[in-house]
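Here is the structure we will look at.
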Amino acid sequence: MKLRKALAVASASVLGLSLAACGGGDSDGSGGGSGDVEGTKGGTLYYLQHFPFEASDPQRIYYGVQLANWRRVFYRGLLAFPMSEDAEVGTTPVPDLATDTGTSSEGGKVWKFTLKDGVKWEDGSDITCEDVQYGTSRVFANDVIIGGPNYTLSYIDVKDYPGPYKATPEQQAAFEDAVSCDGKTITFRFNKPWADFPQAIAGMMMTDPYKKSFDEGEKSQWKVLSNGPYKIEGGKWDKNKGATLVRNDQYDPATDDPEQLRLALPDKIEWQIDPSDTAGELFNDRLIKDAGNDQYAITTARVAPPQFPQITGAVEDRYESVLSPYNSYLVPNHKKITDVNVRKALAVSLNLNGYVKALGGERVGEPGETIVNPGVSGAQDNPAFSEDNDNNGDPEAAKALLAEAGVKTPYPIKLAYQKSPTTDKAMAIVKESWDAAGFKVTLEGLSDTYYDVIAQPDKDVDVMWAGWGADWPSMMTVLPPLFDSRPNVSSTTCGNDYGCYQNDEFEALIDKAANSSDIEEQVGFLQEADKVLGEQYAYIPLEVSKFNWLRGSKVTGFATTPASSAYPEIGLIGVQN
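Numbering (numbering that gives the first Met the number 0), first residue to last: 0 to 576.
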């Protein structure tokens, strides 16, 4: 998921940008969290959010923090990720609405799930196979259901299906053959293997159930029909204010696994949104003071670097710093920098330690050795960036590489990045280290239209800053969307392949991974693909970003998990009564 996707989630911290997607914290895997009092049921939790969501409709949801939190409070899916802080356990799907984690056949092209008995919507009606079928169909209506993930469009074995609102009877019948119901069993038929489908449906809401009689198309954007432990007072989410969450009396924990998936400790959650530019910093100022209802509060707003000096004493006892799901990186324009030695010289000379220090130091990030986040299955350091590298930069080695390339120095480089006071300082370090190596760098700080500019194939830029996080913890949601030219590069755009990179060896490995029905085999192909990217210096890793969280003193069970996208794990959190 590109950083643009969650731009509104920003606090004033790392790069001034927001981060949202699957990711992980770090602990002993006990799931108990780091709050200092054991959680009990009851009380009111205050959730302070500093940005608006795009929708409350499950098939429209794409923010990582919303996917993670709402899976705990409103929307149960066929599968879910458990609330474990252990990286492996927390990224392994478990049954939620389904009786097991699914049965695959035909080399991963067919998946079957059977629904549990007794699971109900908040109106008391049963959740049926047809609800899952209908929810899955809505993603195809991407002129109506806008904003959510659409991976299923390229996998489900149906052609020219416009979604349930405009489908002819024949088109609808074709879809219902591809996604079919037999009693409580739903069968998904794909046009190619989908080995990590269980991870995809645990992390996203593409196949979540939706009640057809509740659907009003575009008018459903802010409606919520819960099947989880909470419901919204009044049934409608207010984009700029939030809502009050109360117990859903139709939720039966006997159909659930509360210890793994959602403890649902507070009796009420006051979810308060303030979309103003200063809200994030003000929320953390309030949590530092820890007065009144703020003692029972958590927030989506990360602690900003100017607030770090206040994180001392008793305040520090309520503070957590964890790795986020996001990696930042630099990508050369392969249409302009065609010699691999020039690209390697950029990587070799980069003072990455200085760059991270300029961002705010170890509280905001740590140097990356690959583009794949540590929370993603199969992540490992890329040899091109991890061997014989202290991350301080080696300008003399870079000069030798430029001499080997036979290029005239100083070699001009225009470096584009998303402008902010913090990024200006960090990119000045990049310029300094590259200039010392024989380059002549011009910094190009751009505005909110940044990603639209760098996606253009004829852009007047040599190197670009970018950031990415996996949609679910699979390398298939990192390497192919960023470097496979076939779905990305055209005459009008390079898509997410900002450098317009193309390599036959890399794409052959991607194809092998995509057609593999075995997860371990798939991961092996993708690890080899990342090595190819490193050998070609298709990207240069920057930092793995960190999240910095404060909580009120009467919040219990505080933790971050892989499933929570490294945000506060609301399924574990309670308050002192």
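Here a beta-carbon is modelled for each residue, glycine too, at the ideal position from N, C-alpha and C. Bear in mind the structure is a predicted one, so any value in this text is a computation, not a measurement.
query: Pick from D99, V245, F438 that is closest to S348, judged by C-alpha positions; result: F438
query: 8 Å Cβ shell around T559 - same chain, five flanking residues per side excluded; result: G23, G24, E84, E319, V321, F546, W548, A565, Y566, P567, E568
query: For D284, the three-state DSSP class (helix, strand or coil); result: helix
query: For K267, the residue or residues it bridges with in DSSP; result: T43, V245
query: Through-space distance from T408 to A562, alpha-carbon basis; result: 48 Å
query: Backbone secondary structure at N487 - three-state DSSP; result: helix
query: Own chain residues within Cβ distance below 6 Å of S385, not counting five before or after; result: E368
query: When K267, S124, I297 are compared against K281, the one with the closest alpha-carbon; result: Checking the displayed sequence, the identity of residue 281 turns out to be Leu instead of Lys. Nearest C-alpha to L281: I297.
query: Beta-carbon proximity check, W270 vs Y46, cutoff 7 Å; result: yes
query: Length of the line joining the Cα atoms of N352 and G117; result: 55 Å
query: Residue from A300, K40, N292 whose Cα sits closest to the Cα of D585; result: For residue 585 there is no data in the structure shown, the boundaries of the chain being 0 and 576.
query: Cα-Cα separation, P92 to L260; result: 11 Å
query: Secondary structure, beta strand (DSSP E): runs of 3+ residues fully inside the segment 343-413; result: 364-366
query: Span separating the alpha-carbon of L629 from that of N340; result: Residue 629 falls outside the range modelled here, since the chain spans only 0 to 576, and no answer is possible.
query: Simplified DSSP assignment, three categories, for I569; result: coil
query: A177 in three-state terms, based on DSSP; result: helix
query: Nearest to Y354 (by Cα), restricted to the options A79, G498, V543, E105; result: V543
query: Sub-7 Å separation of P308 and N514 beta-carbons; result: no
query: Selected residue, minimal CA-CA separation from F73, among A86, S136, D95; result: D95
query: Same chain only: Cβ atoms within 6 Å of K267, ignoring 5 sequence neighbours per side; result: T43, V245
query: Reference Y209, options K511, N226, I453, closest by Cα; result: N226
query: Q526 and G377 closer than 7 Å at C-beta; result: yes
query: Beta-carbon proximity of S219 to F174, cut-off 7 Å; result: no
query: Sequence-distant residues of the same chain with beta carbon closer than 7 Å to G364, five excluded per side; result: V13, V355, L358, E542, V543, S544, K545
query: Runs of beta strand (DSSP E) lying entirely within the segment 175-221, each at least 3 residues, in chain order; result: 178-181, 184-188
query: Among I144, D176, N149, nearest to V157 - alpha-carbon criterion; result: D176
query: Chain D within 7 Å of G106, Cβ atoms only; result: The structure shown contains no chain D; it is built from a single protein chain.
query: Three-state secondary structure assigned by DSSP to E121; result: coil
query: For F546, the residue or residues it bridges with in DSSP; result: V321
query: Simplified DSSP state of S563, which is helix, strand or coil; result: helix
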